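This note's numbering numbers the first residue of the sequence shown as 225 and each following residue consecutively.
Using N, Cα and C, we set each Cβ at its ideal position, and we do this for glycine too.
As the structure is a computational prediction, the values presented were derived from the model and not from experiment.
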Amino acid sequence: MQNPIIAALDVPTAEQAQQLARDLAPAVGAFKIGKELFVSAGPEIVKKIRATGANVFLDLKFHDIPNTVAKAVAAATRLDVQMLTIHTSGGSEMMRAAEKSAQDAAKTCGRPAPLVLGVTVLTSATNATLAEIGCGSDTEEQVLRLARLAVASGLRGLVCSPLEIVALRKIIPPHVQLVTPGIRTGSEPADDQKRTLTPREAIQAGANWLVIGRPIYAVANPRVAAEKILESIL
Ligand code: C5P
């Protein structure tokens, strides 16, 4: 099996990200570049991490009109990222445009298309959050509805909370890849992640990839932490 650990490079500067990536490369399967690092260090940081040979997950959660999302996905594909995120709440036309754009841009560049991952309901959202924006469903119903729509729109992967993996696995085809944050080993200090699973539990529940931030980058020895997590799931 491939190494399913995606280490989140949630650091503010390119230098810190490159240092962390150098240190972790042998122990993880990919690096996640999110909004903070991308906005401060730009596309150059994606190129630098890719130049080391590592896989990159560009987590910018695109949500816009289909044409704009398609162009952003094409640009990310030209940057040679292996995974990227869009919001499924942008609707089926937006999702189809994103997937097609990834396929077309990859073909032009002569490489495999990145995995376009659909984000359903943010884990920070509650039933009250959905109600205030006019959505009558509860969060669980809404996650399942958006997941079905994403698969019907041609997406090959979803980002989900660890506690949604089992329910999603029941309703989506087995080829759809599930990527989950909210992973905790049990040995780190409590923080803002409330509903977590251990790496082993998440893989057993049916996750393909684990996005792990603080349990790796915020400990004294990130490399050892990543190696321990990997051992726990092999
Ligand atoms: O430090 P931690 O392991 O909590 O980091 C998890 C990563 O996954 C962060 O980059 C965070 O923004 C992201 N994430 C999350 N929960 C979600 C979606 C993304 O923690 N529902």
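Among the options, the one whose alpha carbon lies nearest that of residue i
{"i": "G258", "options": "I289, A232, P423, D247", "result": "A232"}
{"i": "L370", "options": "S385, G315, L339", "result": "G315"}
{"i": "K256", "options": "C384, H287, I357, L434", "result": "L434"}
{"i": "P228", "options": "N279, T420, E323, T312", "result": "N279"}
{"i": "S385", "options": "L379, G378, R393", "result": "R393"}
{"i": "V345", "options": "L248, L303, T312, Q428", "result": "T312"}
{"i": "P397", "options": "G381, V293, V270", "result": "G381"}
{"i": "E272", "options": "A298, Q240, K285, T292", "result": "Position check: residue 272 holds Lys in this sequence, whereas Glu was assumed. Among A298, Q240, K285, T292, the Cα nearest to that of K272 is on Q240."}
{"i": "E260", "options": "A251, V270, V252", "result": "V270"}
{"i": "A459", "options": "T420, E425, P405, A429", "result": "Past the boundaries of the shown model lies residue 459; the chain is included only from 225 to 458, so the question cannot be answered."}
{"i": "L458", "options": "E425, A444, E388, N445", "result": "E425"}
Span of the alpha helix (DSSP H) around residue i
{"i": "A450", "result": "446-457"}
{"i": "T347", "result": "T347 -> no alpha helix (DSSP H), and no H or E assigned at all."}
{"i": "D471", "result": "The question about residue 471 has no answer here: the residues shown for the chain are numbered 225 through 458."}
{"i": "A426", "result": "423-429"}
{"i": "K394", "result": "389-395"}
Residue i versus residue j: straight-line alpha-carbon distance, rounded
{"i": "D283", "j": "T409", "result": "23 Å"}
{"i": "T309", "j": "A431", "result": "16 Å"}
{"i": "N351", "j": "T363", "result": "6 Å"}
{"i": "T237", "j": "C359", "result": "38 Å"}
{"i": "V375", "j": "E317", "result": "12 Å"}
{"i": "E365", "j": "R372", "result": "11 Å"}
{"i": "V235", "j": "E268", "result": "15 Å"}
{"i": "A449", "j": "T347", "result": "25 Å"}
{"i": "Q306", "j": "T353", "result": "32 Å"}
{"i": "T422", "j": "Q243", "result": "26 Å"}
{"i": "A337", "j": "R438", "result": "29 Å"}
{"i": "I357", "j": "V367", "result": "15 Å"}
{"i": "E412", "j": "I436", "result": "12 Å"}
{"i": "Y441", "j": "A245", "result": "10 Å"}
{"i": "S377", "j": "M319", "result": "6 Å"}
{"i": "V400", "j": "L379", "result": "8 Å"}
{"i": "K418", "j": "G334", "result": "42 Å"}
{"i": "D416", "j": "A254", "result": "23 Å"}
{"i": "T301", "j": "A321", "result": "14 Å"}
{"i": "A329", "j": "E323", "result": "10 Å"}
{"i": "S361", "j": "R447", "result": "42 Å"}
{"i": "A275", "j": "P290", "result": "30 Å"}
{"i": "T332", "j": "A326", "result": "10 Å"}
{"i": "V252", "j": "A296", "result": "27 Å"}
{"i": "A299", "j": "T292", "result": "11 Å"}
{"i": "D340", "j": "I395", "result": "Here the sequence assigns Val to residue 340, which means Asp is not the residue at that position. If you take the alpha carbons of V340 and I395, they lie about 19 Å apart."}
{"i": "T420", "j": "L402", "result": "15 Å"}
Start and end residues, beta strand (DSSP E) containing residue i
{"i": "L339", "result": "339-343"}
{"i": "I436", "result": "433-436"}
{"i": "K254", "result": "Strictly speaking, residue 254 in this sequence is Ala, with Lys absent from that position. From DSSP, the beta strand (DSSP E) with A254 extends over 254-257."}
Cross-strand partners of residue i (DSSP beta bridge)
{"i": "S381", "result": "Just to set this straight, residue 381 is Gly in the shown sequence, not Ser. Note: G381 sits in a beta bridge opposite L341, Q401."}
{"i": "V367", "result": "Per DSSP, none; premise fails for V367."}
{"i": "A231", "result": "F255, I436"}
{"i": "I407", "result": "L421"}
Report task. Would you list, in sequence order, the uninterrupted beta strand (DSSP E) runs of no fewer than 3 residues that lie entirely inside the stretch 257-316? Result -> Secondary structure in the stretch 257-316: the beta strand (DSSP E) runs of 3 residues or longer, each lying completely within the stretch, are 280-286, 307-311 in chain order.
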